[in-house]
Structure formats: C-alpha cells, structure tokens
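Sequential numbering from 7 applies to the sequence shown in the numbering used here.
Heads up, the beta-carbon is just placed ideally off N, CA and C, and yes, glycines get one too.
Heads up, the thing below is written out as structure tokens.
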Amino acid sequence: MKHTGGTWSTYLGQLRRAGLIHEDATGFTLTEAGWTYLGHRPAPMTAQELQQHYLGVLRAGAARMLQAAIDAYPNGLTKNQLAHEAGVSVSGGTFSTYLGQLRRNGLVDQHDDLVIATEVLMHGATSNQLG
C-alpha cells in the first residue's frame with residue numbers, strides 16, 4: 007500500500023478518528039486506546055532481539071550494511087567504508103535506498119560524514135522512548 011494513496015488516507019483517517027493513533031513530527035504512535043484495542047502492550051525487545059529482528063527482515067544488502075554499522079559501534083563508518091563492508095557500490099542507487107531504509111527505521115543516524123548505529127538499536131529502548 008502506498009502512503010500517498012487514497013486507501014492509506016482512508017485507513018489513517020479511521021484510526022485517527024477512533025483515537026487509536028497519534029501523529030507528530032517523528033511519525034505515528036499508538037495511543038493508550040490503541041494499545042487497549044490490541045489487547046496488551048508487548049514487552050519491548052532487547053537490543054539483541056531488535057538487531058536480530060531487523061537483520062532477518064531487511065533485504066540482504068541492507069542487512070549487511072546494518073551488520074557493519076553494528077560491528078563498528080560505537081564508532082561510525084563513512085559511506086565508502088559502509089559500502090565496502092557490505093559489498094555494495096556506494097555510487098549505486100541501491101546503496102542510497104538501503105541507507106534511507108535504515109535511517110527511516112531508526113537503525114542508523116548520520117553524523118557529519120559517518121553512519122552510526124543508533125542508541126536504541128545498540129542498547130534497547132528506555133521507557134520514555136516507548137510512549
């Protein structure tokens with residue numbers, strides 16, 4: 007489903023009107039009513055569970071990039087280093103696509119010229135990050 011499509015907008019509107027989600031600059035979160043609707047709030051994943059989850063669901067190249075960022079932590083990698091470690095061409099569109107996916111999912115940040123695994127990915131979420 008495309009986030010620009012009418013179906014997305016319809017579903018999103020229904021969730022908002024029902025008071026099940028909240029949207030702010032960082033994205034969407036479930037409200038307490040949303041969690042109640044689901045039946046329970048799951049226990050947060052540990053850092054290792056979170057890493058294994060994403061390494062298992064990402065495409066192979068993105069997973070290799072994520073593993074390289076995890077292995078380098080707390081240090082970062084330049085884009086060239088990250089591409090080299092993952093066996094992906096830094097000049098290709100695939101690299102940019104994968105890096106964007108990792109950033110959108112909150113798995114890596116970019117600081118200056120370095121790509122660094124996020125604190126949440128490496129240490130797990132704190133209670134105030136869970137909403």
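query                                                                                                                       : result
Could you check the C-alpha separation between residue 133 and residue 11 for me, to the nearest Å?                         : Its pLDDT being 45, under 50, residue 133 is placed unreliably by the model, and the measurement read from it follows with that caveat. Cα to Cα, residue 133 sits roughly 34 Å from residue 11.
Relative to the alpha-carbon of residue 124, which residue among 82, 104, 70 has its alpha-carbon at the smallest distance? : 82
Name the two residues that bound the continuous beta strand (DSSP E) containing residue 52.                                 : Here residue 52 belongs to no beta strand (DSSP E), and DSSP marks it neither H nor E.
Flag this pair as yes or no: are the beta carbons of residue 70 and residue 92 separated by less than 7 Å?                  : yes
Which two residues bound the contiguous beta strand (DSSP E) that contains residue 35?                                      : 33–36
Indicate the three-state DSSP secondary structure (helix, strand or coil) for residue 2 in the structure shown.             : The first residue shown for the chain is 7 and the last is 137, placing residue 2 beyond what the model contains.
Note down the Cα distance separating residue 67 from residue 94, rounded to an integer number of angstroms.                 : 7 Å
CB-CB under 6 Å to residue 104, same chain, minus the five flanking residues each way: which ones, in chain order?          : 67, 68, 71
Are residue 63 and residue 88 close, meaning C-beta to C-beta below 7 Å?                                                    : no
Suppose you measure from the CA of residue 76 to the CA of residue 100; what does that come to, to the nearest Å?           : 20 Å
Could you work out which residue in 32, 41, 96, 54 is closest to residue 131 when comparing CA atoms only?                  : 54
Taking the continuous beta strand (DSSP E) assigned at residue 64, which residues delimit it?                               : Per DSSP, residue 64 belongs to no beta strand (DSSP E) and is neither H nor E.
Which residue marks the beginning of the alpha helix (DSSP H) containing residue 88, and which one marks its end?           : 85–92
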